[in-house]
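First up is the structure itself, then whatever we jot down about it.
Now the structure itself:
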């Protein structure tokens, strides 16, 4: 069926139908068993490269934990009882593994410990972490040599806006944020409104993306002040002695200089905004002595409600310490008003300001395009800039000892071209920062090593004299092995993370001479039930000749030649270059992990899964002018590929996706007849609800109304003639994917006589994490696809849309 352009139906004409609240459902036991197994531990190498710290985590939190109090303020979600993040990191165990000989030592912890913010001291002798108790957050420090740990503070840390503590460069102290003493009780909501909440604009454009969890009124402002105001203090890592510095304020950052003599302090100040999150609130940048004395105010940055779409704030931004100097600040300033769309010969400049901070900032470099990063080394720096519109990036080598020397171009390349990606530099920890790993004239690069056959990670050595790279090592074609760190400056010994289709990720010491491996860890397969799953890279072409690819998963008991019901799970991506859009991104030699409500668990139920079949939308900033047409071409090619392989039953193919993949799913059901049913999770379906841009689209609704309307599956709800399961978290915190999207699309389909089911998950955000929610989502998906795909009768005529 072909469609002509239409305007959206008024939303208010389609009231949401109130449904009954059901009890949480449980999927088949095989899925439950896999998800209840704890995940593989994460690992952090110590700065001195002597120890690997393993972080043990439980499987999933419960919905009861999610039901604990939560405040949503200025883009943050906090637990008012603990002055920390709501639903924060949950680490339950710490294990030390010595790199030299594999000696393992477990760090004793208090019963019921809930750890977070794990951070090595710069000298590698200690590890700091937090322990969240019901009434607050404590600072703990572990002694590595003794493998012991103890609390240094009572539960009075303030972690509402991120990590509460950072190490000083000496590794003997930490700078922390505390709940102010004598703070008093929290503000109480007024029982009777004092008046209306008013916002006003006076002719200056303020195009902002659609954010969740904003401050809404004066009461919200009072709560923000109460919970986000902190007292800075230095904490002795041995004795726990605490010395307050400065006065209470809303601190965003308190970063020590490399010599420990100064602090760079960032503070949020009023007026607050009801439109943008805290990161865009007015900010004051200051330099303090380590005793808390003001040395210099660097800048006052105004509220960023008027930052252009795709632009940056004016004034100093990205302020950091230069790691190769005792106490020198470095930051970036826009020279084009922060507007990337405005024609300009120069976009940004980089400046430095050394102690004692009395001079004017000195210009280090200027960039033709937007600044994209700066990595410091011994006497050098790598400066990157990026052109988002052209998807192009350049990196320059700066001689920081001789500022008059012209920069040298290291890379000048398409940011989309994975095959030509040179990798990124290896960094080594230095004090509270990091510098380039150097050996004489060489630095080191690690990368994914993308090829048409899949990824093969590599380690290169780049000469700073010739700017030529030499390959030192490359993963074999069976294993996916990445470099975690160099154990010596000449890259003679490496720590790597190695896995294969049948081997779970583990850590190794690789001796470059003799190509020898020694295992540091031996994590078992957490999901042996699916050990026999087969996967293969599938390559095929779109009807316009664009090469595409995806990963086909087959269940453990699959018999060649058998046609199965197939679920395609995908996520569209915009490209400027057709050549880059056709590159392979799949890697079939990686171990498959099954966490959360992953669609791959459908493999336990007799489905084949075509995972991440590429859905490129080519055309750069105007790619979305042909979004629907290209999406349909992508889907037709993917369906034809799995049918031609003899795996897919063409009458039993379903489609699904999360977020922008859900948006894709609804569009494919509206504009094609390729699929029998779909599952759309946490999507946006009416682009007029995101009028100032979405994904890579930076044109506003008023600049491209036809594009916004044509891309909105809500407008074509009358053409969604296949069953669709809509799932959404009631507390979705993602920009643009308001829960009303799923509610209104369901109401439209219901009103038009279509087949749909709407599942709203209490307390869940954009992704789903509580055990009950995860199991319920998978039960819904299995039932939906079983009913409308696996058990679907043959269609009389296959649609051609």
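In the working numbering, the protein residues as written are 32 to 832. Glycine is no exception: its CB is placed at the ideal position from the N, C-alpha and C atoms.
- In the DSSP assignment, residue 759 falls within the unbroken beta strand (DSSP E) covering 755 to 760.
- Just so you know, the alpha carbons of residue 761 and residue 789 end up roughly 12 angstroms apart.
- DSSP places residue 167 in the strand class (E or B) of the three-state scheme.
- Annotation: residue 432 to residue 412 spans about 10 angstroms, alpha carbon to alpha carbon.
- When beta bridges are read from the DSSP output, residue 262 appears opposite 209.
- Judged by their CB atoms, residue 820 and residue 708 are nearer to each other than the 7 angstroms cut-off.
- Under the three-state reduction of DSSP output, residue 303 falls in the coil class, being neither helix nor strand.
- For residue 526, no alpha helix (DSSP H) segment is defined; the enclosing uninterrupted segment is the beta strand (DSSP E) at 524 to 530.
- Around the C-beta of residue 635, 16 or more other C-beta atoms lie within 10 Å, and the residue is accordingly described as buried.
- Taking the C-beta atoms as reference points, residue 340 is found nearer than 7 angstroms to residue 723.
- Runs of beta strand (DSSP E) with 3 or more residues, each lying fully within the stretch 355 to 402, are found at 359 to 365, 379 to 385 and 393 to 398, listed in chain order.
- As for any alpha helix (DSSP H) of minimum length 4 sitting wholly inside the stretch 780 to 827, the runs are 802 to 816, ordered along the chain.
- Residue 741 and residue 663 have their C-alpha atoms roughly 13 angstroms apart.
- Counting the other CB atoms within 10 Å of its CB gives residue 435 a total below 16, which places it among the exposed residues.
- Contact annotation, residue 65 with residue 560: C-beta distance approximately 6 angstroms; criterion of less than 8 angstroms satisfied.
- Closest in alpha carbon position to residue 620, among 607, 583 and 604, is 583.
- Beta-carbon to beta-carbon, residue 215 and residue 168 are separated by about 19 angstroms, too far to satisfy the 8 angstroms threshold.
- The stretch 97 to 104 and the stretch 240 to 260 touch, with no fewer than 3 CB-CB distances between them shorter than 8 angstroms.
- Per DSSP, residue 64 is one residue of the alpha helix (DSSP H) stretching across 60 to 67.
- Between the C-alpha atoms of residue 271 and residue 439 there is a straight-line separation of about 49 angstroms.
- For residue 599, there is no enclosing alpha helix (DSSP H); the residue is found in the beta strand (DSSP E) stretching over 595 to 600.
- Rounded to whole angstroms, the gap between the alpha carbons of residue 244 and residue 764 is 7 angstroms.
- Rounded to whole angstroms, the separation of the alpha carbons of residue 813 and residue 61 is 12 angstroms.
- As a beta-bridge residue in DSSP terms, residue 580 pairs with 570.
- Within the stretch 595 to 657, the runs of beta strand (DSSP E) at least 3 residues long that lie entirely inside it are, in chain order, 595 to 600, 604 to 606, 639 to 642 and 647 to 649.
- Spanning the alpha carbons of residue 564 and residue 355 requires a straight line of approximately 49 angstroms.
- Counting along the chain, residue 510 sits inside no beta strand (DSSP E), nor does DSSP assign it H or E at all.
- By the Cβ rule, the stretch 472 to 480 does not count as touching the stretch 364 to 372, because fewer than three pairs are nearer than 8 angstroms.
- Assigned with DSSP and collapsed to three states, residue 340 falls in coil, not helix or strand.
- Taken atom to atom, the span from the alpha-carbon of residue 795 to that of residue 98 is near 10 angstroms.
- Apart from the 5 residues on each side of it in sequence, residue 805 sits with its Cβ closer than 8 angstroms to the Cβ of 66, 91, 627, 628 and 799 in its chain, given in chain order.
- Residue burial is scored here from C-beta neighbours: residue 661 has at least 16 other C-beta atoms within 10 angstroms and is therefore classed as buried.
- Rounded to the nearest angstrom, the Cβ distance from residue 768 to residue 801 is 19 angstroms, too far for a contact under 8 angstroms.
- A distance below 7 angstroms separates the beta carbons of residue 673 and residue 679.
- Scanning its chain for C-beta atoms nearer than 8 angstroms, with the 5 sequence neighbours on each side dropped, one finds around residue 93 the residues 801, 802 and 803, in chain order.
- Residue 242 and residue 720 have their alpha carbons spaced roughly 11 angstroms apart.
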